[in-house]
Structure formats: structure tokens, C-alpha cells
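Novice:
Put into C-alpha cells, the structure is as follows:
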């Protein structure tokens with residue numbers, strides 16, 4: 001490191017040989033079931049006979065015999081899994097109805113003739129196959145995915161220590177999880193507040209406040225995209241008292257003011273209820289607000305209902321670890337919720353990745369770990385010479401592209417003689433630059449992919465080549481030329497968050513230096529540790545907040561409504577406690593000290609730079625205000641590299657920076673018709689051969705949120721995958737993309753062990769900070 005290297009802050013350590021720093025705090029995400037569970041439904045013997053049959057080297061009778069044996073073995077494995085108390089508990093947490101449905105697999109298969117239920121054995125067997133497919137979908141997730149949810153996806157916080165000689169020190173505790181926490185889903189608390197509002201004894205004593213995207217000026221309410229709304233004297237007086245703290249009964253103490261308040265609520269100017277933040281603090285805020293109700297009878301009544309729900313929720317937490325007790329406790333919570341609120345206790349039925357139930361569980365894995373200097377040294381070349389410069393270029397180029405797009409838009413919107421453009425006007429027009437086709441980001445990501453291909457000489461790779469390898473020294477100068485950028489594009493663009501898979505057969509191999517690193521996702525210019533489901537599990541969240549404040553500072557963060565796609569209270573950012581809240585629509589959780597309604601902001605130009613001005617002398621670059629809306633596209637760019645039909649594995653030193661991938665479409669897989677188990681299995685073997693796939697892969701279907709594990713030897717895996725493809729085809733047609741990636745790491749590479757020596761998939765998430773500021 002040269003003399004001009006910045007001092008490393010106390011919350012970070014140097015990345016050896018570079019000016020970049022790595023946060024000391026690191027997160028380990030893991031699966032909750034052992035990695036070798038994926039092998040339960042494999043059938044290599046069946047695959048070998050099927051391939052021989054396709055090559056005219058085995059008879060149809062031999063294939064059918066092998067397939068029947070594989071299906072029988074899978075049925076036996078499914079019955080074993082369905083009877084596993086841990087599996088039953090995991091499914092119960094996600095979907096109690098599905099858990100009950102899958103429990104039927106522990107019953108004996110029907111003999112020939114008529115079943116006890118009166119249904120034909122053929123129909124019963126069909127239903128059983130469907131249950132087995134559903135079980136396999138859950139099972140592959142529990143064994144193969146590092147999802148952060150419940151005990152089947154626990155997290156653990158540990159340390160990066162450059163003074164630690166072993167690559168990793170890991171001490172598992174006696175159990176799988178160290179701590180469990182059961183929380184309400186946000187929608188359930190909203191439903192309780194709605195019930196309180198409808199209660200004539202309680203509703204008047206709940207607060208009221210002005211919606212965060214609005215402002216009052218000169219006797220008018222300023223509204224985004226609408227004409228200012230004039231207020232009469234009574235309405236103005238009432239609105240001045242709607243501070244989000246005072247009760248409606250205090251705000252409107254007489255009939256005229258009650259009528260005015262009702263009009264303001266009906267007009268969408270005022271909310272009534274509880275202003276809960278859309279994050280994990282909502283429960284605490286709800287109880288604090290109810291406790292502060294000044295009228296005793298109303299207060300006791302409001303808290304009594306919440307106490308009933310809390311008691312039922314606490315019983316759910318106490319039942320954790322026993323599938324039957326948990327199912328009963330969840331059922332009692334459902335009944336209590338409906339009794340208290342009059343609302344349904346479930347929503348979004350049928351969705352695997354959705355907050356359907358009233359509560360969820362998060363856990364901390366029972367392990368202490370430290371990653372040492374060998375890991376940092378393995379990262380230093382590939383990241384310091386190639387990946388971090390490309391990530392910096394991506395943030396800088398995205399910012400410049402949006403500067404240009406915003407400047408063109410500003411000139412289009414600026415009225416003659418005007419000093420600027422009102423932010424609501426600019427905000428609405430800017431949406432076309434953030435969504436849909438022709439975004440500035442699309443040009444940047446396409447150029448990023450082109451330069452990436454040039455950097456790794458992908459155009460020169462021979463067809464069918466599976467592996468290409470480079471050294472950091474080979475690519476250092478070329479990367480510096482192709483991805484030249486002096487500094488990141490915006491404040492949070494300093495921080496990059498890679499997901500890393502440490503591949504080793506065990507801790508002993510890691511200690512001996514026998515390991516390989518695989519880059520899962522590169523979250524460029526995006527601090528992913530700032531997420532409630534992670535930071536809430538940290539032993540000292542204030543330490544993370546201080547680190548984020550030092551590296552990033554104060555950001556402009558959109559105040560998201562509950563309908564915002566793929567945004568939930570569980571993934572809400574929690575570290576930027578001083579961030580500005582940019583309010584563009586009705587949304588929960590506005591902090592009066594931080595909220596900035598867009599109606600109070602103006603876009604102006606100063607010395608050729610677009611800025612946003614607002615209350616209290618606020619003046620900031622426009623790119624910073626929009627950075628979190630276009631910045632996430634940087635993470636998407638790394639997913640789009642090598643977008644051709646096939647990309648080889650790319651290894652840089654001892655880091656796999658891109659796994660081998662194959663791309664096709666749902667229609668091209670040949671698995672949509674659904675012509676019975678035998679034809680379906682043979683079609684899957686043909687697909688594997690035609691694309692040159694390994695037997696075991698991860699597959700990402702364009703209509704699904706997450707990838708799934710597929711073992712093309714196992715007929716149950718094939719059938720479950722084919723069912724997913726048919727569902728995608730039914731909703732979106734032939735052209736839905738399907739991306740296969742090699743299984744790396746595989747079960748043999750899972751180093752993380754529990755006290756009994758069972759090994760689990762895991763993923764290390766770290767944050768690396770740019771020495772330069774925007």
C-alpha cells in the first residue's frame with residue numbers, strides 16, 4: 001500500500017495490497033438442512049439406463065424397469081422426509097396446510113383395486129406424485145439454498161480478522177440455532193389497527209396525521225400530480241393539529257371539526273390509526289402508541305386486544321421445535337386474530353415466497369466464526385485488480401448516464417422563465433428512465449457486458465469450452481483500461497457487497513489452505529448488510545449504524561408504500577437512521593424529522609449541475625436523490641454478463657468469478673407438453689444432452705423469484721421442475737427465459753458443520769468500501 005493510502009477506519013480492515021477496506025463484521029447465511037440431503041432423490045442408475053435407451057443401447061423394458069425402481073426409491077425417500085419432525089416444522093412455518101398435505105406421504109401407497117377412500121388407485125397415485133413433487137420443491141430449498149428465514153435458513157454474524165492465521169475458525173454450538181425470534185407480519189398489525197379504528201370506543205383516541213407526500217402552504221394542500229386543494233378555516237385548523245401524535249378526539253373536539261376531519265380523511269389528505277414504520281420496529285411503535293392513549297378505557301381496550309394476540313403469538317414461539325404443537329399454536333393464533341380483528345388470517349395463498357401467515361420466525365445459527373488472512377489474500381488480487389474497479393466503473397457510469405438523462409428531461413420540462421422544475425413534475429416524468437424500455441441503465445449494462453466479455457476474451461472461447469482461467473496480474477492493466485473510473489458515482493456507491501461461497505470439504509481443509517472461493521452475486525454499489533433481517537440479528541446494531549454513517553453518510557431513501565414490489569418489512573434498511581425519507585405517495589413510517597415530501601422540493605440547475613433544493617436550505621445533487629432508485633441496477637448488471645447460450649466458468653486466481661451457465665427458454669426445453677413420467681424423464685435427459693449440462697444444476701425460470709436445484713438423474717426432481725416450466729408457460733408463453741448454472745459449490749464443498757459433523761451449504765456476505773468518495 002502506498003503513502004497515499006487512506007487510513008482504514010476502525011470498523012474495517014485493509015484488503016491486502018490495495019487501498020480498499022473490508023468491514024470487520026461479516027454475515028454467514030446458511031441452509032438449515034444438511035447439504036447431502038440433496039442426494040436423497042438422485043437416481044444415477046436410472047439416468048444411465050435412460051441415456052443408453054436414447055442411444056439404442058438398452059431396451060424400453062430395461063428403461064421402464066429402471067424408472068419404476070427410481071420412482072419407488074423416491075417415494076420411499078419422500079415418506080422418510082415427510083416423517084422428519086424438522087421438515088414438518090419447516091413447512092408448517094411456511095404453510096401449515098401444505099405441511100398437513102405432505103404428511104399424507106407417510107401413509108402406505110394404495111394397492112391395486114379400490115382405495116379405502118373410494119377413489120381409484122390411479123387417481124390416488126397421481127395425487128401422491130403431486131405431493132412428492134411439492135415435497136421435493138421444499139426439500140431442495142431447505143438443503144440447497146441459503147435463504148434467511150426460520151431455522152431452515154439461519155444467519156450468524158462473525159468477524160474478518162487479518163491477524164488470524166487460519167482461513168477460518170468455526171466453533172459450532174450444541175444445537176442448530178442459538179436464538180429464535182417470532183414477529184408479526186406487517187399486514188397483520190395493519191389489520192389490528194384497522195379493527196381499532198372501527199371500534200367506536202377506541203378509534204377516536206388513535207392519532208391522525210397528514211400523509212407524508214403532502215405539504216400545506218398558503219391555505220392549500222400541495223399534492224403530487226394534482227392541483228393544490230384549498231382549505232377552509234376549520235379544515236386548516238384541524239389539519240394544523242394533525243401531527244401524527246394527537247388523538248382524533250383532541251384534534252376534532254366538536255361536530256364541525258369532526259366533519260372537517262372526516263372530509264380530510266376521505267380526500268386522502270389525512271391518515272388515522274398508527275404510523276408504524278415499515279420495518280421490524282413496527283410492533284414496538286404500535287404498543288407504544290396504544291400505551292400513550294390518554295383515555296383510560298380506550299387505552300385498556302386497545303391493549304387488551306393486542307395482549308390477546310401477543311399471548312397467542314408467544315405460544316407459537318414456545319411451540320417452536322415441535323411440528324404438531326406449532327401447527328396447533330398457529331391455528332389458535334389464526335382463530336384469535338380473526339376473533340379480535342374480524343379479518344382473515346391468511347393472504348396470498350399458494351405463493352412459496354410471500355408473507356401469507358400472521359407471523360414468521362427468524363433465527364441465529366449456533367456458531368462462532370472468524371475468517372482470517374488467507375481469505376483476504378485470496379480476495380485481494382481478483383477483487384483489488386479486477387472486480388472492484390469494474391464495480392466502481394459501473395456506479396460512476398450509471399451516475400453519468402442518469403445525469404445525462406435527467407438533464408435532457410429537465411430541459412424538456414422547464415417552463416420558459418422558470419427557475420426550476422417542481423419535483424412532482426420531474427418525479428413522474430423520470431419514471432420512464434427507471435422502468436420499461438430504453439432506460440439509461442440498459443445502455444450501461446449492455447456496455448458493461450461488452451467490456452466484461454472483452455476483459456475475459458469470451459469472444460475467443462471455443463464452442464464447448466467449459467473453463468477459462470486467468471491471473472490477476474494478467475488482467476490488471478486491461479481491467480484498468482476498460483473500467484477506468486476515478487471515483488464512485490454516489491454516496492452508497494462506495495460500498496460493494498459480494499456473496500462468497502467458500503468451497504472446502506471441511507474446516508481442516510480450510511486450515512490447510514485447501515479451498516476455493518466462488519462469487520455468487522456481486523451487489524455492486526449496494527450495501528446489502530443494511531437489511532432488517534440481517535442487522536436485527538447482529539449483537540451490536542449500533543456498531544453497524546456507525547460504520548454505515550462513516551462510509552456512506554446521509555442518503556435520500558424513498559419512503560416505500562406497502563404495495564411496492566418485492567419490498568417487505570423484513571428487508572427494510574435499518575442502519576441509516578438519519579437518512580432523508582423521500583415521500584412520493586401515501587406510505588407508513590414517516591419520521592417528521594427526516595421526511596421530505598416531493599411537493600416541497602424543486603429541481604434546479606447550478607453551474608451545469610442539476611440539484612434538488614428544499615426546506616431549510618437543502619441543496620444536493622439530483623443524482624444523489626435518485627441514486628437508490630437506479631443504483632440497484634448495478635447489481636443486476638453482473639447477472640447479465642455472458643448473456644449468450646453458453647458461458648464457461650471464469651476463474652481468476654483462486655476465485656471463480658462466474659459459474660458456467662447455459663441459457664434457453666421454457667418452450668425450447670421440450671418439457672412443457674407433460675406426456676407422462678417416462679416421456680418427461682427422457683425429454684429431460686435429451687435437454688441435458690443437447691445443452692451439455694451436468695446432471696446437477698441450479699435453474700432460474702424467468703417467472704420465479706429464486707432459482708431451484710435440479711438433478712436430472714432424479715425423476716422426482718425432473719417432474720417438479722417440469723411442473724414449474726408448465727406453470728411459467730401457462731402464464732407467460734414459450735419465451736420465458738431459463739438459465740442453468742453449474743452446482744458450485746456442491747455437497748462435497750460444504751465446509752460448515754454442526755456439532756454432529758453434518759455439513760451445510762453456506763454463503764459469506766461481506767462489504768468492501770472504496771477509498772474514494774463521490
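Residue numbers (UniProt numbering): 1 to 774.
Quick reminder that beta carbons are idealized off the backbone N, C-alpha and C, glycines included.
#1: In its own chain, which residues sit with a C-beta less than 8 Å from the C-beta of residue 762, not counting the 5 before and 5 after it?
#2: Whose C-beta lies closer than 7 Å to the C-beta of residue 336 among residues of the same chain, with five residues either side of it excluded?
#3: When the Cα atoms are used, what is the spatial distance from residue 577 to residue 721?
#4: When the distance is taken between beta carbons, is residue 524 closer than 8 Å to residue 441?
#5: Might you give, ordered along the chain, the residues of its own chain that have their beta carbon closer than 6 Å to the beta carbon of residue 341, omitting 5 neighbours on each side?
#6: Enumerate in chain order the residues of its own chain whose CB-to-CB distance from residue 601 is below 6 Å, with the five nearest sequence positions on each side excluded.
#7: Determine the burial state of residue 266: buried for a count of at least 16 other Cβ atoms within 10 Å of its Cβ, exposed for fewer.
#8: So residue 247 and residue 206 are supposed to be a Cβ contact under 8 Å. How far apart are they, rounded?
#9: Residues in the same chain with beta-carbon distance under 7 Å from residue 571, minus the five sequence neighbours each way, listed in chain order, please.
#10: Who does residue 797 pair with in a DSSP beta bridge?
#11: Let me check understanding here. Comparing Cα to Cα, which of 214, 290, 684, 176 lies closest to residue 306?
#12: Excluding five sequence neighbours on each side, which residues of the same chain lie with their C-beta closer than 8 Å to the C-beta of residue 351?
#13: What residues are listed by DSSP as bridge partners for residue 734?
#14: Over the uninterrupted beta strand (DSSP E) stretch that includes residue 550, give me the two end residues.
#15: By DSSP's criteria, residue 498 is part of a beta bridge. Which residues make up the other side?
#16: Are the Cβ atoms of residue 260 and residue 235 separated by less than 8 Å?
#17: Enumerate in chain order the residues of its own chain whose CB-to-CB distance from residue 605 is below 7 Å, with the five nearest sequence positions on each side excluded.
#18: Along the chain, where does the beta strand (DSSP E) that runs through residue 279 open and close?
#19: Please go through the same chain and pick out, in chain order, the residues whose beta-carbon is closer than 8 Å to the beta-carbon of residue 197, but skip the five residues on each side of it.
#20: For residue 169, which residues of its own chain have a beta-carbon under 6 Å away from its beta-carbon, when the five flanking residues on both sides are left out?
#21: Counting only the same chain and skipping the five closest in sequence on each side, list residues whose C-beta sits under 8 Å from that of residue 257.
#22: Cα-Cα, which of 283, 489, 467, 366 is closest to residue 187?
#23: First and last residue of the beta strand (DSSP E) that includes residue 581?
#24: Please report how far the alpha carbon of residue 569 lies from the alpha carbon of residue 651, in whole angstroms.
#25: Quick one: using the 10 Å Cβ neighbour count with 16 as the cut-off for buried, is residue 564 buried or exposed?
#26: Between the Cα of residue 183 and those of 279, 322, 509, 213, spot the shortest distance and give me the residue it belongs to.
#27: Using the beta-carbon count (16 or more within 10 Å), is residue 12 buried or exposed?
#28: Cutting at 8 Å between CB atoms, please list the residues of its own chain near residue 594, excluding the five before and the five after it.
#29: Considering only C-alpha positions, which residue in the set 554, 747, 317, 467 is nearest to residue 647?
#30: Going by alpha carbons, who is nearest to residue 176 out of 366, 691, 121, 221?
#31: Going by DSSP in three states, residue 8 sits in which element: helix, strand or coil?
#32: Is the distance from the Cβ of residue 665 to the Cβ of residue 711 below 8 Å?
#33: Given a cut-off of 8 Å, decide if residue 66 and residue 49 are closer than it, judged by their beta-carbon atoms.
#34: Check whether the Cβ atoms of residue 395 and residue 493 sit closer than 8 Å, and answer yes or no.
#35: Let's see if you can read the secondary structure: which residues bound the beta strand (DSSP E) around residue 164?
#36: Restricting to Cα atoms, I'd like to know which of 41, 132, 738, 626 is closest to residue 399.
Specialist: So, to answer that:
#1: 28, 29, 30, 31, 146, 501, 502, 750, 751, 752
#2: 308, 309, 312
#3: 43 Å
#4: no
#5: 191, 192, 195
#6: 423, 612, 614
#7: exposed
#8: 6 Å
#9: 531, 532, 533
#10: The question about residue 797 has no answer here: the residues shown for the chain are numbered 1 through 774.
#11: 290
#12: Only weak support is given to the placement of residue 351: the predicted model assigns it a pLDDT of 49, under 50, and the value that follows is read from those uncertain coordinates. Correct list: empty, nothing qualifies.
#13: The partner list for residue 734 (beta bridge, DSSP) is empty, contrary to what the question assumes.
#14: Premise fails: residue 550 lies in the alpha helix (DSSP H), 541-551, not in any beta strand (DSSP E).
#15: 522
#16: yes
#17: 410
#18: Note, residue 279: premise wrong, no beta strand (DSSP E); not H, not E.
#19: 203, 206, 272, 273
#20: 370
#21: 234, 237, 238, 251
#22: 283
#23: 580-583
#24: 37 Å
#25: exposed
#26: 279
#27: buried
#28: 578, 579, 580, 581
#29: 467
#30: 366
#31: coil
#32: no
#33: yes
#34: yes
#35: Residue 164 -> no beta strand (DSSP E), and no H or E assigned at all.
#36: 626
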